[in-house]
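Colleague:
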Amino acid sequence: MRRRFFDQYLARRAADVGAVLLENEPLIKMEKENGYFVLKTRRKHFKVDFVIGADGVAGRVAALAKLKTGRTKDKLILAAVAEVPCKQGPEYVELRLGYLRDGYGWIFPKTATLTWV
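Count the sequence shown with the working numbering and you get residues 32 to 148, in order.
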């Protein structure tokens, strides 16, 4: 699976169920105002209840939200990846959100018979 295509798929699915998807419209400013977030792009301003930053811990959303993203001992994350045989084939993807405490699990195919878990 190519990450770029997976991200595009997730964005399209979110738009299908009502999310506003703005392409080529980077976020340039974000402020908290009277319990809302005010988002500003080059062409538009939005007032929203919540923001989902899907651009990673070091992304623009985290930076504009002034989230502390530095590494400290109390913010260490353990990750493990294993290659295991897969019977489902390369089109099979599984995400388990809320399955693990403070984390998630996933299965991404690597080849027709091998997957990353």
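C-beta: ideal position from N, C-alpha, C; glycine also.
I'd like to check one pair, residue 78 with residue 71: are the Cβ atoms closer than 8 Å?
Modeller: no
Colleague: If distances are taken between C-alpha atoms only, which option among 122, 141, 96 and 81 comes closest to residue 115?
Modeller: When only C-alpha atoms are compared, the closest one is 141.
Colleague: Classify residue 98 as buried or exposed, calling it buried when 16 or more other Cβ atoms lie within 10 Å of its own Cβ.
Modeller: exposed
Colleague: If distances are taken between C-alpha atoms only, which option among 76, 47, 57 and 56 comes closest to residue 64?
Modeller: Answer by Cα proximity: 76.
Colleague: First and last residue of the beta strand (DSSP E) that includes residue 82?
Modeller: Element bounds for residue 82: n/a, residue is neither H nor E.
Colleague: With 16 as the cutoff for other CB atoms within 10 Å, does residue 58 come out buried or exposed?
Modeller: buried
Colleague: Residue 45 and residue 53 look like a contact to me (Cβ under 8 Å); what is the Cβ gap, rounded to whole Å?
Modeller: At roughly 12 Å, the Cβ-Cβ gap does not stay under 8 Å, so residue 45 and residue 53 are not in contact.
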